[in-house]
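The opening residue of the sequence shown carries number 1 in UniProt numbering; numbering runs sequentially from there.
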Amino acid sequence: MKILSVVGARPQFVKLAAVADAAAQYEDVEHVIVHTGQHYDAAMSDVFFADLRIPAPDVNLGAGSGSHGRQTGAMLTALDEVLETHRPDWVLVYGDTNSTLAGTLAAVKMHVKVAHLEAGLRSFNRRMPEEHNRVLTDHAADLLLAPTEVARGHLADEGLETRTLVVGDVMTDVCLRVADAVADRTPMLPAGIDPAEDYAVATIHRADNTDDPERLAALLASLQQAPLPVALFAHPRLVAKAQEAGITLERGSVHVGDPLAYPDLVAAVRRSRAVVTDSGGLQKEAYLLGAPCVTVRTETEWVETLADGWNQLVPDPSGIAAALERPRPIARRSEHYGDGHASERVIDALRERSR
Ligand code: UD1
Numbered sequence: 001m002k003i004l005s006v007v008g009a010r011p012q013f014v015k016l017a018a019v020a021d022a023a024a025q026y027e028d029v030e031h032v033i034v035h036t037g038q039h040y041d042a043a044m045s046d047v048f049f050a051d052l053r054i055p056a057p058d059v060n061l062g063a064g065s066g067s068h069g070r071q072t073g074a075m076l077t078a079l080d081e082v083l084e085t086h087r088p089d090w091v092l093v094y095g096d097t098n099s100t101l102a103g104t105l106a107a108v109k110m111h112v113k114v115a116h117l118e119a120g121l122r123s124f125n126r127r128m129p130e131e132h133n134r135v136l137t138d139h140a141a142d143l144l145l146a147p148t149e150v151a152r153g154h155l156a157d158e159g160l161e162t163r164t165l166v167v168g169d170v171m172t173d174v175c176l177r178v179a180d181a182v183a184d185r186t187p188m189l190p191a192g193i194d195p196a197e198d199y200a201v202a203t204i205h206r207a208d209n210t211d212d213p214e215r216l217a218a219l220l221a222s223l224q225q226a227p228l229p230v231a232l233f234a235h236p237r238l239v240a241k242a243q244e245a246g247i248t249l250e251r252g253s254v255h256v257g258d259p260l261a262y263p264d265l266v267a268a269v270r271r272s273r274a275v276v277t278d279s280g281g282l283q284k285e286a287y288l289l290g291a292p293c294v295t296v297r298t299e300t301e302w303v304e305t306l307a308d309g310w311n312q313l314v315p316d317p318s319g320i321a322a323a324l325e326r327p328r329p330i331a332r333r334s335e336h337y338g339d340g341h342a343s344e345r346v347i348d349a350l351r352e353r354s355r
């Protein structure tokens, strides 16, 4: 059986690490990796392949950055030839990025079966590009690999239950594996933060937070007044938008670093007092690693993290400092996201359905 994975953005490389490992365990599984080129900086892409020991991509489409239509269109055009050459049994798409949608559309149009990993997540916020990508992908795909029962419920509500299989969360597979490997590692924090003292880890990259200069300024002001040092690992979009708006990132409590490699991020979150983010993946990693999280958004797809106060939604950036001061939750965290073996279930599901 031949599986062709389409990936392009940072969180997809983490998911791919788990799937590539599982695929390699089967002699009858050929796994082709196609990188769309959506993320191209070394810190956003290459280091993930190196650190997570993912085989080098077989194909790189070099799509690069651009408006949503241009970026997605460039991938779509390039994918036709790749699918004609490789003729996979399954195209596997991951999460909710423009690379996910392009992989899905290219495959369904060529009558190649599509499986969507991390199916059924919903924010119900139609302003988010990721929400368009998720809904369109789920409705086009043949097999919906859902991470949780909540996701299964959303798919059932949309009439997609018969195509759904709950496999657990593959990011959990990788996070738990990496957390063990870095247990003794001292976190790599920006200059000015002592890893032995309390600190918070912050990442901000969503257009809703970065692209409105007023909101971005309020967000930074709040982080800069945080009651503990904040290690802000800055995504290229954040750096660019802050510069355009004349906003200084490094001030007060905030110390700026480049985006981290995955094991370094896990090491930093593991020892942190708290996390501030608008990333989906990082909310869940904070939950798995036991760091209370402040999510600077109006909603979350990972609603399980909100139980018992481990994650708190803070739509208004002026509330960040107060949310960071809340006491550490005492409740135990549940195993909502699976047992660390989701990726094996993914490969089994595809093998069973390709006979
Ligand atoms: C994308 C995903 C988002 C995911 C995020 C993870 C979509 C719609 N969004 O958002 O769901 O959470 O990846 O990081 O697909 N840039 C660089 N170098 C890079 C990559 C990006 O400089 O390697 C800059 C470019 O200016 C680009 C901007 O960042 O225009 C945004 O990148 P893009 O891939 O379009 O979206 P992300 O914000 O990364």
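Backbone N, C-alpha and C define an ideal beta-carbon position, used for all residues, glycine too.
DSSP on Ser334, reduced to helix/strand/coil?
Position 334 of the sequence shown, counting from 1, holds the residue named residue 334. Coil at Ser334, not helix or strand.
Check whether the Cβ of Asn98 lies closer than 6 Å to any heavy atom of the ligand UD1, and answer yes or no.
Indexing the sequence shown from 1 puts residue 98 at position 98. Yes.
According to DSSP, is Ile33 part of a helix, a strand, or is it coil?
The residue labelled residue 33 in the question sits at position 33 within the sequence shown. Residue state, collapsed to three classes: strand.
Any chance the stretch 124-137 sits against the stretch 34-48, with 3 or more Cβ pairs inside 8 Å?
no
Please tell me whether, using a cut-off of 6 Å, the distance from the CB of Arg10 to the nearest non-hydrogen atom of the ligand UD1 is below it.
Sequence index remark: in the sequence shown, residue 10 carries index 10 (1-based). Yes, the Cβ of Arg10 comes within 6 Å of a heavy atom of the ligand UD1.
Going by alpha carbons, who is nearest to His255 out of Pro11, Ala261, Leu232 and Arg271?
The count along the sequence shown starts at 1 and reaches residue 255 at position 255. Taking His255 as reference, the option from Pro11, Ala261, Leu232 and Arg271 with the minimal CA-CA separation is Leu232.
Tell me which same chain residues have a C-beta within less than 7 Å of the C-beta of Gln71, skipping the five on either side of it?
Start at 1 with the first residue of the sequence shown, and residue 71 comes out as number 71. So the list reads Gln38, Ala63, Ser65 and Asn98, once near-sequence residues are dropped.
Using only CA atoms, which one of Thr162, Val239, Pro236 and Ala307 lies nearest to Ile330?
Within the sequence shown, residue 330 is the residue found at index 330, counting from 1. It is Ala307 whose Cα lies nearest to the Cα of Ile330.
Buried or exposed for His111, going by 16 or more other Cβ atoms inside 10 Å?
Position 111 of the sequence shown, counted from the start, is the residue given in the question as residue 111. His111 should be labelled exposed.
Please confirm if the stretch 170-183 is in contact with the stretch 10-18, defined as three or more CB-CB distances below 8 Å between the two stretches.
yes
Helix, strand or coil: how does DSSP classify Gly257 here?
Along the sequence shown, read from residue 1 onward, the residue named residue 257 stands at position 257. DSSP places Gly257 in strand when its eight states are reduced to three.
Around the C-beta of Phe124, are 16 or more other C-beta atoms found within 10 angstroms, so that it is buried, or is it exposed?
Position 124 of the sequence shown, counting from 1, holds the residue named residue 124. Per the 10 Å Cβ criterion, exposed.
Taking C-alpha atoms, which residue in Gly153, Asp184, Ser272 and Thr300 lies nearest to Tyr199?
As a working note, residue 199 is residue 199 in the sequence shown. Residue Ser272 is the option with its Cα nearest to Tyr199.
For Val314 and Val294, which I take to be in contact (beta-carbon distance under 8 Å), what is that distance rounded to the nearest angstrom?
Mapped onto the sequence shown, residue 314 falls at position 314. Mapped onto the sequence shown, residue 294 falls at position 294. About 5 Å; that satisfies the 8 Å criterion.
Can you tell me whether DSSP reads Leu52 as helix, strand or coil?
Counted from its first residue, the sequence shown places residue 52 at position 52. Note: Leu52 maps to coil in three-state DSSP.
Residue range of the alpha helix (DSSP H) that Ser272 falls in?
The residue you call residue 272 lines up with position 272 of the sequence shown. First-last for Ser272: undefined, no H or E at that position.
Check whether the Cβ of Arg237 lies closer than 6 Å to any heavy atom of the ligand MN, and answer yes or no.
Among the ligands present in this structure, namely the ligand UD1, the ligand MN is not found.
Run the CB neighbour count on Gly69, radius 10 Å, all protein chains shown included, and call it buried at 16 or more, exposed below.
Here residue 69 is taken as the residue at index 69 of the sequence shown, counted from 1. Result: exposed.
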